[in-house]
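In the working numbering, the protein residues as written are 15 to 212.
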């Protein structure tokens, strides 16, 4: 062996540990744990998702097209008729008869925000009935109707209710559920007297 190799072997005693090895291990363990804890704290506090583009804020999503916007004129100046446009609610859809509305109780539900932040929605819907004879059937199915509405609303995310397109989708979903709940009676439309999101 060379003199340098024997000197290093002779200098270290069997009970000695190399200096700084334990400190490096501690740093290598503590830094990832602290970073993971910091990331989890930012995620659950609701700060990190918007920074990553997952917050559902209005600035990160392009505005939806307004289904109730007036039609642009056709090439000859006349408005273009949309065959898929919703039919007007009220007396026109009932053959000239006055519409009949059924008022539902107010609903306050918590929405699925995806974070620990609680978001509530207060909804005051009214149902437009096809015939006056359907009112007893709707009144009898009221508990089922309220359950179906609340179950759907609890799974709805707040960003799904933004804008007129969100309101239109909510109306369509609730109308489909209402017609299932009150069959054979028929509901023409679901109207929102009040819809607040907090």
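C-beta: ideal position from N, C-alpha, C; glycine also.
Values in this document were obtained by computation on a predicted structure and should not be read as measured data.
Exercise for the section: Note down, in chain order, each residue of its chain lying with its Cβ closer than 7 Å to the Cβ of residue 122, except the 5 sequence neighbours on either side. Expected result: By the criterion of a C-beta distance shorter than 7 Å, residue 122 is surrounded in its chain by 134, 136, once the five residues flanking it on both sides are discounted.
Exercise for the section: Report the residue from 124, 145, 36, 160 whose alpha carbon sits nearest the alpha carbon of residue 210. Expected result: 124
Handout entry: Secondary structure of residue 157, DSSP reduced to three states
Key = DSSP, read as helix, strand or coil, puts residue 157 in helix.
Handout entry: Span of the alpha helix (DSSP H), counted from its first residue to its last, around residue 63
Key = According to the DSSP assignment, residue 63 belongs to the alpha helix (DSSP H) that extends over 62-65.
Practice task
Would you give the residue range spanned by the beta strand (DSSP E) that residue 208 belongs to?
Solution key: 201-211
Practice task
Sort 154, 161, 201 by Cα distance to residue 120 and report the nearest one.
Solution key: Out of 154, 161, 201, 161 has the C-alpha closest to the C-alpha of residue 120.
Handout entry: DSSP-derived helix/strand/coil call for residue 181
Key = helix
Exercise for the section: Would you mind giving the Cβ-Cβ distance between residue 155 and residue 202, rounded to the nearest angstrom? I have them listed as a contact below 8 Å. Expected result: About 16 Å separates the two Cβ atoms, so there is no contact after all.
Exercise for the section: State yes or no: is the C-beta of residue 205 within less than 7 Å of the C-beta of residue 140? Expected result: yes
Handout entry: Closest by C-alpha distance to residue 129, when choosing among 63, 166, 174, 164
Key = 63
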